[in-house]
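S.K.: This is the structure I have questions about; it appears just below.
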Amino acid sequence: MVDSDLRASLSQDVRRLVTGRMTNDDFDDAYYEHYDSSDDRAVREIAGFCYSLYSSDLLFPMRLRGRHALDADTKCTCTRAVLFLRSGLEYEWPAFPDEPGLRMFSGLAFLGIPAGIAFLLVGTPLTLSGDMQFGAPLFVGGLLTLVGSIWFWRSWPKMLEPQWKSFRDSGDYDVWPFLRQSDFDHAKGTCHLLGRTVT
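Our numbering puts the first residue of the sequence shown at 179, with every later residue one more than the last.
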């Protein structure tokens with residue numbers, strides 16, 4: 179299904195987000211109010227991709243400029259996404275690989291790093307002072323929490339690698355969100371982005 183009105187709105191928001199004219203908080207609002215629940219898969223997947231370009235956990239709104247600016251390759255992907263939204267094509271890629279359980283555990287692992295450090299900071303002096311009843315369990319628990327959290331946080335993306343390989347093999351990944359190079363070439367010839375070159 180192609181929702182032309184919503185695609186036009188997302189196209190504008192992607193451009194505003196990438197150029198720093200829209201904050202992450204403003205994009206969050208649009209994402210949850212309109213894009214995340216769209217019946218148009220292109221809208222959902224492209225909005226989800228853009229949502230992944232920044233952190234929503236910051237205390238203050240931020241813009242993708244300065245030290246938060248996107249690299250050239252990511253900007254090219256966003257420009258292709260805008261072109262795709264204007265092309266009228268159906269989105270043909272499978273869903274992005276995702277394991278909610280792994281994501282949840284990675285979040286817990288990320289929290290486990292400071293927790294492990296805190297346990298070590300409390301348990302080490304207690305253990306060194308001879309308080310083995312409380313100090314030793316805190317020290318060992320902190321060490322295991324810290325090491326396990328770091329290992330899982332660094333390893334979980336590799337667990338999704340087979341799914342990502344299958345995803346990338348589903349089409350010409352270099353022109354995502356277009357599935358085929360020929361579709362991308364056709365769109366470049368028929369859709370215009372204010373004179374910008376799309377690569």
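No residue lacks a Cβ here, since even glycine has one placed at the ideal position from N, Cα and C.
Everything numeric in this text was worked out from a predicted model, so none of it was measured.
Using the three-state DSSP reduction, which class does residue 292 fall into: helix, strand or coil?
M.R.: helix
S.K.: Considering only residues of the same chain and omitting the five flanking positions on each side of residue 229, which have a CB-CB separation below 6 Å?
M.R.: Within the same chain, 209 come within 6 Å of residue 229 by CB-CB distance, once the 5 residues on both sides are set aside.
S.K.: Thinking C-alpha only, which one of 252, 289, 211 and 218 is nearest residue 327?
M.R.: 289
S.K.: Please classify residue 223 as buried or exposed, where buried requires at least 16 neighbouring CB atoms within 10 angstroms.
M.R.: Of the other Cβ atoms in all chains shown, 16 or more fall within 10 Å of the Cβ of residue 223; this residue is therefore buried.
S.K.: Quick check on residue 365: buried or exposed, where buried means 16 or more other Cβ atoms within 10 Å of its Cβ?
M.R.: buried
S.K.: If you drop the 5 nearest sequence neighbours on each side, which residues of the same chain put their C-beta closer than 7 Å to that of residue 196?
M.R.: 242, 248, 253 and 256
S.K.: Using the Cα positions of residue 316 and residue 358, report the straight-line distance between them to the nearest angstrom.
M.R.: The straight-line gap separating the alpha-carbon atoms of residue 316 and residue 358 is approximately 55 Å.
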